[in-house]
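Notes for the one structure printed next.
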Amino acid sequence: MLSTEQQNEVRTLLGERRKIVVTSHNNPDGDAMGSMLAMYHYLRRKGHEVWAVLPNQFPSFYNWMPGSREVLIYEKSAKPIQKILAGAELVFCLDYNAIDRFGASAEILARSPAKRIMIDHHVEPKLENFDYTISVVNTSSTGELVYDFIEMLGDKKLVDKTIADCLYTSIVTDTGSFSYAANNVRTYHVTAELISLGVDASQIHRLIYDTFSENRLRLLGHGISNKMIVWDELRTALIWLTKEDLKKYNYRVGDTEGLVNYPLMMEKVNLSVLLTEKDNMIRLSLRSKGDFSVNDLARKHFKGGGHVNAAGGKSFATMEKTIDDIKEVLSQYRKALDFKLNY
Ligand code: 5GP
Ligand code: MN
Numbered sequence: 002m003l004s005t006e007q008q009n010e011v012r013t014l015l016g017e018r019r020k021i022v023v024t025s026h027n028n029p030d031g032d033a034m035g036s037m038l039a040m041y042h043y044l045r046r047k048g049h050e051v052w053a054v055l056p057n058q059f060p061s062f063y064n065w066m067p068g069s070r071e072v073l074i075y076e077k078s079a080k081p082i083q084k085i086l087a088g089a090e091l092v093f094c095l096d097y098n099a100i101d102r103f104g105a106s107a108e109i110l111a112r113s114p115a116k117r118i119m120i121d122h123h124v125e126p127k128l129e130n131f132d133y134t135i136s137v138v139n140t141s142s143t144g145e146l147v148y149d150f151i152e153m154l155g156d157k158k159l160v161d162k163t164i165a166d167c168l169y170t171s172i173v174t175d176t177g178s179f180s181y182a183a184n185n186v187r188t189y190h191v192t193a194e195l196i197s198l199g200v201d202a203s204q205i206h207r208l209i210y211d212t213f214s215e216n217r218l219r220l221l222g223h224g225i226s227n228k229m230i231v232w233d234e235l236r237t238a239l240i241w242l243t244k245e246d247l248k249k250y251n252y253r254v255g256d257t258e259g260l261v262n263y264p265l266m267m268e269k270v271n272l273s274v275l276l277t278e279k280d281n282m283i284r285l286s287l288r289s290k291g292d293f294s295v296n297d298l299a300r301k302h303f304k305g306g307g308h309v310n311a312a313g314g315k316s317f318a319t320m321e322k323t324i325d326d327i328k329e330v331l332s333q334y335r336k337a338l339d340f341k342l343n344y
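Okay, so the sequence shown: first residue is 2 according to our numbering, each after it adds one.
Dropping the structure here:
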């Protein structure tokens with residue numbers, strides 16, 4: 002958290018009109034979008050000149066979010082973004098805790114003369130490259146921390162329905178609709194405040210989750226029916242999607258979001274792995290039950306990280322080799338994976 006002195010510094014910084022960039026991580030999810038856009042609207046209400054920048058495209062099921070059309074994407078607009086970052090005074094780094102999570106644009110961000118503020122809830126933050134760090138692991142989402150940040154600055158009155166909708170999106174997506182990472186009273190207090198500002202929870206749920214194309218739903222079915230391996234002895238299920246699979250179902254950004262959660266619905270499965278073939282690597286998405294830390298697993302073996310029960314990583318080997326490697330790595334964890342959740 003920020004010391005009192007740092008809080009005052011930030012308050013002073015924001016005390017006059019600044020050029021500010023709000024950013025979030027590569028492959029943005031609901032919390033990335035929600036925390037970034039909430040901060041975007043808040044800072045504009047305060048009178049700052051603000052740009053929202055992401056490394057790559059966000060899924061279309063966030064197109065409804067207020068401000069989403071104004072987001073600049075580094076993949077598409079590198080030159081203007083380089084200029085904006087070179088002239089910025091302050092950059093908010095939201096929902097990521099290491100500068101390399103800003104993807105292809107990480108170096109440009111590191112070189113910007115702007116002060117950098119991290120607001121994040123992932124484990125093991127890398128503090129270098131940040132001037133201020135708000136890193137709270139035991140919290141639902143970065144959106145909740147953005148609410149706390151606004152409150153700390155005495156600006157709750159600036160939180161309107163637009164900002165509340167963004168913050169609610171953060172909380173609802175990062176808790177799997179209040180099914181995990183949602184065991185803090187604070188989360189429900191903040192959520193209650195957001196609802197009182199006019200958030201329509203069922204509308205937002207539909208806007209995010211009930212927007213599948215036919216292809217996306219069929220890809221989900223294909224993944225589970227035809228591309229899922231179950232290693233009973235490791236209590237693990239793995240779904241592997243090649244470029245061919247993705248092409249066959251006319252893959253769009255976000256179409257595989259949530260797929261990795263399904264195998265955990267099996268009682269016998271404690272670890273779920275989704276492999277997605279990209280142009281120059283295979284992306285790993287990992288989910289676990291109980292105390293088995295996929296953050297540790299991803300950091301130690303798969304060049305990634307995240308949270309205890311949700312993490313990501315990558316492999317530069319072929320699909321076949323990647324699957325073999327994962328099985329071999331997991332055989333070291335056989336004991337740790339062999340548990341049953343009880344009441
Ligand atoms: P997902 O599997 O949904 O892409 O990511 C799950 C969680 O892990 C998210 O909180 C995400 O921010 C984090 N994550 C995904 N990929 C990486 C990675 O390569 N490095 C780190 N440190 N975190 C990641
Ligand atoms: Mn998050």
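Here a beta-carbon is modelled for each residue, glycine too, at the ideal position from N, C-alpha and C. If you're wondering where the values come from, they're calculated on a predicted model, not measured in any experiment.
Where residue i falls: helix, strand or coil (DSSP)
i           : result
residue 40  : helix
residue 153 : helix
residue 349 : The displayed coordinates of the chain run from 2 to 344. Any statement about residue 349 would go beyond what the structure contains.
residue 342 : coil
residue 4   : coil
residue 133 : strand
residue 117 : strand
residue 127 : coil
residue 111 : helix
residue 141 : coil
residue 95  : strand
residue 332 : helix
residue 147 : helix
residue 11  : helix
residue 158 : helix
residue 323 : helix
residue 25  : strand
residue 20  : strand
residue 45  : helix
residue 30  : coil
residue 77  : coil
residue 337 : helix
residue 256 : coil
residue 266 : helix
residue 105 : helix
residue 87  : helix
Closest by C-alpha distance to residue i, when choosing among the options
i           : options               : result
residue 17  : 135, 322, 48 and 282  : 48
residue 313 : 112, 21, 220 and 287  : 287
residue 172 : 190, 68, 132 and 317  : 190
residue 135 : 8, 14 and 197         : 8
residue 216 : 242, 247, 231 and 225 : 247
residue 299 : 343, 320, 197 and 330 : 330
residue 1   : 328, 333, 117 and 196 : Nothing about residue 1 can be read from this structure; the chain reaches only from 2 to 344.
residue 137 : 129, 131 and 146      : 146
residue 127 : 219, 239, 154 and 306 : 306
residue 120 : 328, 142 and 109      : 142
residue 349 : 133, 212 and 245      : Within the shown structure, residues of the chain are numbered from 2 to 344, placing residue 349 beyond reach of any answer.
residue 153 : 276, 175, 27 and 12   : 12
residue 289 : 282, 268 and 281      : 268
residue 133 : 150, 158 and 210      : 150
residue 160 : 338, 343, 2 and 39    : 39
residue 316 : 113, 277, 238 and 64  : 277
residue 25  : 80, 93 and 14         : 93
residue 325 : 86, 343 and 239       : 239
residue 320 : 283, 36 and 37        : 283
residue 265 : 281, 241 and 236      : 236
residue 131 : 3, 304, 51 and 28     : 3
residue 323 : 36, 125, 243 and 204  : 243
residue 1   : 110, 36 and 62        : This structure cannot settle anything about residue 1, because the visible part of the chain is limited to 2 through 344.
residue 214 : 333, 252 and 232      : 252
Presumed contact (8 Å Cβ cut-off) between residue i and residue j, rounded CB distance
i           : j           : result
residue 335 : residue 194 : With a Cβ gap of about 45 Å, residue 335 and residue 194 do not count as contacting.
residue 91  : residue 82  : Actually they do not touch by this definition, with Cβ atoms about 16 Å apart.
residue 308 : residue 123 : 6 Å
residue 250 : residue 223 : 7 Å
residue 89  : residue 22  : 5 Å
residue 327 : residue 254 : So it is not a contact: roughly 25 Å between Cβ atoms.
residue 293 : residue 271 : 6 Å
residue 174 : residue 209 : 7 Å
residue 32  : residue 96  : 5 Å
residue 221 : residue 260 : 6 Å
residue 295 : residue 310 : 6 Å
Is the stretch 177-196 in contact with the stretch 33-46, if contact means three or more CB pairs nearer than 8 Å? Counting Cβ pairs under 8 Å, fewer than three are found: no touch.
If we count Cβ pairs, one from each stretch, closer than 8 Å, do we get three or more for the stretch 50-57 versus the stretch 100-114? At 8 Å Cβ cutoff, the stretches touch.
Just to confirm the assignment: which complete beta strand (DSSP E) runs, minimum length 3, are found wholly within the stretch 163-251? As far as the stretch 163-251 is concerned, its whole beta strand (DSSP E) runs of at least 3 residues are 229-232 and 237-242.
Length-filtered (4 minimum) alpha helix (DSSP H) runs lying within the stretch 271-316: Positions of the alpha helix (DSSP H) runs, each at least 4 residues long and wholly inside the stretch 271-316, are given as 295-302 in order along the chain.
Counting pairs of Cβ atoms below 8 Å between the stretch 194-204 and the stretch 63-78, do you hit three or more? The stretch 194-204, when compared against the stretch 63-78, does not touch it at the 8 Å Cβ threshold.
Starting from the N-terminal side, write out each stretch of the alpha helix (DSSP H) that is 4 residues or longer and does not extend beyond the stretch 50-75. Whole alpha helix (DSSP H) segments, 4+ residues: zero.
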